[in-house]
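When the letters of the sequence shown are read in order and numbered with the numbering used here, they come out as residues 6 to 170.
To start, the structure itself, in structure tokens.
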Amino acid sequence: MLEEMYVRGTQVNYYFVCKTKLWLFSKNVSMEQESDLVKLGLLLQKQFFGREEKDVKIGPIAIDVLRKGDELEILEVKKSDSLEKADYYQVLYYLYYLSRFGIKANGKISYPKQKRVVEVKLEDKSKEIEEILDKIAEVINSEMPKPEYKSYCRKCAYFEFCFCR
């Protein structure tokens, strides 16, 4: 297992979206700062959660919105639910990471444009997350995976890197 590896939630998300993107991001090839879609996501977060505590960094994780009440709640804000599985595992990883420090939290994914909220609970999924972290390490420590074209590739910040060389 990756006890000491610095794994970010974005990497967990990218594991489900695209292994090439995961590998590039993990090697500090970051194209997101140029992406209009990433900028749109940040604007949505500010618009819908303006007064909440945002962009809370705890070690390698960066939680979009943190709510303190009777129970700690983490909220990941996404522009679309088209990659919901990746979003789910990203939040699940955040809950797993916090649980390693004895912090119990509830997780939610907010899709403001669809007016939808998905609840995420860690429950008995720690072993599954640990297996995913091992697989992420395998991808990162291997040669760059060959890009595989998917329907959402054209919207990706890495599209030109992967398909226009």
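All residues carry an ideal CB built from backbone N, CA and C; glycine is no exception.
Reduced DSSP secondary structure (H/G/I, E/B, other) of residue i
i	result
E76	coil
V22	helix
E128	coil
M6	Confidence at M6 is low in this model, with a pLDDT of 45, below 50, so its placement is unreliable and no value can be given for it.
K84	coil
V61	strand
Limits of the beta strand (DSSP E) - the one that residue i falls within
i	result
E124	R121 to V125
G112	A110 to Y116
Local Cβ density within 10 Å of residue i, reported as buried at 16 or more and exposed below that
i	result
G14	buried
V96	buried
S31	buried
N18	buried
E8	For E8, the predicted structure reports a pLDDT of 46, less than 50, and the residue's modelled location is therefore unreliable. The matter cannot be settled from this model.
G112	buried
Same chain only: Cβ atoms within 6 Å of residue i, ignoring 5 sequence neighbours per side
i	result
V149	In the sequence as displayed, the identity of residue 149 is Met instead of Val. Cβ neighbours of M149 beyond the five flanking positions: W28.
D108	It should be noted that the sequence gives Ile, not Asp, for residue 108. No residues qualify anywhere along the chain.
Start and end residues, alpha helix (DSSP H) containing residue i
i	result
L103	E89 to S104
E148	Segment: none, E148 is in no alpha helix (DSSP H) and carries neither H nor E.
C167	F164 to F168
Other residues of its chain near residue i: CB distance less than 8 Å, five sequence neighbours each side excluded
i	result
Y93	I114, V123 and V125
Open item on the list: Count Cβ pairs between the stretch 116 to 126 and the stretch 78 to 96 that sit closer than 8 Å; are there 3 or more?
Closed with: yes
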